[in-house]
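Only one structure is covered here, and it is reproduced in the block below.
Numbering (the numbering used here), first residue to last: 137 to 831.
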């Protein structure tokens with residue numbers, strides 16, 4: 137990582153660290169009283185840790201410590217109901233009278249209960265719902281489960297963990313991964329789900345490199361894989377992920393979630409007692425799992441004949457790259473690495489090198505270190521996380537480094553007003569990423585044709601001949617794979633900021649309003665250099681020669697900003713009917729800027745800038761802006777806690793459509809029927825839980 141990038145990240149980390157001590161202090165003097173007490177196990181009398189204690193109808197809440205004690209401050213004066221809950225125990229309720237400036241005591245004895253572990257999942261717009269009430273396909277993955285994968289790309293960490301979700305890895309370390317939910321819905325379009333972090337959509341695009349048509353890196357002809365944008369999200373900072381499968385589950389997010397949504401909730405300091413620190417370190421090693429099977433009976437050539445002179449066809453079939461040549465039986469044949477005596481290339485044994493492709497790869501290593509500080513008081517919580525990832529790839533010269541700083545905090549400003557904010561700053565640098573696709577910039581493309589007699593150790597030890605020119609086994613179609621790794625250098629840097637803040641006001645115990653705003657911004661710089669003598673880097677009809685050297689450079693800016701509000705009401709209409717309503721709106725602005733320049737002919741080899749171009753350089757620049765204004769709402773009716781009906785609707789107004797015809801509406805209806813509750817008396821005991829859903 138450059139000194140510039142490291143200093144910026146460390147400056148932010150240092151400033152964030154300075155906030156931790158202040159963040160755990162009381163935020164503001166609370167007007168009210170104090171409620172304290174102890175929660176114990178009714179059968180053993182021992183204190184229970186991790187019990188959530190809530191003052192009903194307010195945002196005042198806390199958690200018991202290891203001894204089972206708790207203390208709540210800022211409790212509004214008056215008669216209050218205190219509730220204590222913990223998974224595996226029946227809930228406890230007590231009513232106390234709190235005087236302004238006074239203290240009240242509420243002790244609880246909770247009994248173990250065979251309660252159903254009803255999972256809570258975060259659905260569209262950050263709404264938390266019970267799993268049983270949802271009529272659409274939603275699945276939750278915990279942060280602990282993700283951590284087991286030890287993946288640097290969060291998309292890869294989801295592989296094999298969610299039904300109906302397919303993850304495809306592009307191959308090279310640090311490369312992109314695509315995720316498709318319930319199969320592809322479009323042949324030519326985008327099948328990727330929407331990514332949402334803490335309620336704010338983020339970018340997960342695959343920006344194509346080489347915007348210019350003449351660039352050797354145009355999508356389809358290969359290029360360099362810089363990875364999908366969501367890989368910047370650090371798995372160590374994730375509390376949970378909810379996967380909303382299909383358009384019905386994600387209808388409240390609109391057309392962008394037509395392929396589903398990945399809703400990420402990051403970790404916070406909630407539940408921490410005082411100030412704590414956690415440090416983790418892990419290392420992974422990687423080697424190629426499988427390579428193509430090669431025959432090792434015949435070597436390079438055609439019609440059973442071969443003799444190397446110049447690798448361009450000047451000898452006997454020495455310009456071809458197929459292995460239809462002589463049998464690899466030890467006969468003496470002039471080869472690319474045969475010694476030259478008095479201007480004549482000597483014949484050397486014609487033998488197979490069966491591991492010449494495997495020997496190109498190295499053992500990849502990824503080292504990740506994370507330090508997290510958490511703190512909380514009665515009125516505030518904070519978490520600071522710093523993660524450093526250092527990766528050396530399986531291909532020679534490839535490496536990347538990433539530093540992530542995340543700060544997440546929340547505060548109870550009054551008994552009815554809560555505020556939360558979080559930010560992530562990511563710096564990522566890579567060098568030596570291998571090319572992809574069917575062109576001469578991709579070593580794997582060459583290995584499809586690699587002559588079975590080629591000694592790759594010779595290519596590793598010698599990239600240039602005695603005259604300083606490109607040294608290789610074939611000069612018509614391929615580059616020395618180590619020339620690609622160390623002479624044609626690919627470099628990239630990305631700086632990214634993701635941040636959001638929200639406030640919630642609880643009018644009553646059943647009515648609240650939430651306002652949230654956030655942004656996702658990144659700058660992506662890429663440069664690909666081609667040393668003089670490089671060949672065959674693009675496909676027809678735009679095959680470019682780099683005999684004089686060249687380069688292409690991209691600068692990409694992407695920003696997405698969203699502001700939204702949500703009014704939520706949850707109330708029991710009767711003893712059997714419950715109603716939950718959410719109404720809100722949002723504005724989403726997106727800006728993309730691309731700049732590309734380069735040349736395939738340099739005046740002075742090795743000086744990679746447009747002022748050194750021997751021809752008119754290729755230059756492209758464009759910008760796109762779009763805005764979507766939205767109104768949306770949902771209503772859920774619950775009947776006797778076993779039948780639920782959800783109705784949602786969203787209307788978008790898009791700036792990319794003609795004025796007067798830029799509005800479109802997304803409705804959805806879903807139901808959830810827990811038949812084991814409805815027919816509990818008539819079902820066999822072996823059926824403990826059953827649910828039918830439709831959408």
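We treat Cβ as the ideally placed atom computed from N, Cα and C, and that holds for glycine. The structure presented is a predicted model; accordingly, all values stated were derived computationally and were not measured.
Straight-line measurement puts the Cα of residue 524 at about 18 Å from the Cα of residue 282. In this structure the region 761-773 touches the region 784-792; the number of beta carbon pairs closer than 8 Å is three or more. When the beta-carbon positions are compared, residue 197 and residue 190 come within less than 8 Å of each other. Residue 402 is a Cβ neighbour of residue 374, given a cutoff of 8 Å. Just so you know, the alpha carbons of residue 318 and residue 649 end up roughly 34 Å apart.
With a contact defined as Cβ atoms closer than 8 Å, residue 548 and residue 515 qualify at about 5 Å.
With a 10 Å radius around the Cβ and a threshold of 16 neighbouring Cβ atoms, residue 235 comes out exposed. If you look at residue 594, you'll find it in the alpha helix (DSSP H) that goes 592-597. The beta carbon of residue 827 lies closer than 6 Å to those of 810 in the same chain, with the five residues before and after it left out.
The Cβ neighbour count for residue 720, taken over all protein chains shown within 10 Å, is at least 16; the residue is labelled buried. The Cβ-Cβ distance between residue 298 and residue 277 falls below 8 Å.
Cβ atoms of residue 531 and residue 421 stay farther apart than 8 Å, at about 15 Å. Listed as beta-bridge partners of residue 782 by DSSP are 772 and 806.
Under the criterion of beta carbons closer than 8 Å, residue 364 and residue 313 qualify as touching, at roughly 6 Å. Of all C-beta pairs linking the region 605-612 to the region 587-595, three or more are shorter than 8 Å, placing the two stretches in contact.
Taking each of 708, 446 and 199 in turn and checking the Cα distance to residue 480, the smallest one comes out for 446. Take the alpha-carbon of residue 458 and the one of residue 584: they are about 9 Å apart. Here residue 173 is buried. Its C-beta has 16 or more other C-beta atoms within 10 Å.
In the structure shown, residue 609 falls within a coil segment according to DSSP collapsed to helix, strand and coil. Measuring C-alpha to C-alpha distances from residue 731 to each of 751, 743, 692 and 748 identifies 692 as the nearest. Residue 713 and residue 815 do not touch by the CB rule: their CB atoms are close to 20 Å apart, not below 8 Å.
The Cβ atoms of residue 572 and residue 361 lie closer than 8 Å to each other.
Counting of Cβ neighbours within 10 angstroms places residue 782 among the buried residues, the total reaching 16 or more.
Rounded to whole angstroms, the gap between the alpha carbons of residue 303 and residue 471 is 44 Å. Under DSSP, residue 790 forms a beta bridge with 764.
Taken atom to atom, the span from the alpha-carbon of residue 238 to that of residue 773 is near 41 Å. In the three-state scheme derived from DSSP, where H, G and I count as helix and E and B as strand, residue 382 is classed as helix. Scanning the region 552-583 for uninterrupted beta strand (DSSP E) segments of 3 residues or longer gives 553-567, listed from N- to C-terminal end. 8 Å or more divides the Cβ of residue 563 from the Cβ of residue 542.
Considered as a whole, the region 401-438 harbours 410-422 as its complete beta strand (DSSP E) runs of no fewer than 3 residues, in chain order. Rounded to whole angstroms, residue 259 and residue 269 show a C-alpha spacing of 12 Å.
Close CB contacts of residue 647 within its chain, under the 6 Å cut and outside five residues either way in sequence, are with 705 (chain order). In this chain, the beta strand (DSSP E) harbouring residue 505 covers 500-512.
Taking 8 Å as the cut-off, the Cβ atoms of residue 438 and residue 451 do not count as close.
In this chain, the alpha helix (DSSP H) harbouring residue 618 covers 617-622. The beta carbon of residue 804 is closer than 7 Å to those of 384, 387, 784 and 831 in its chain, skipping five residues each way along the sequence.
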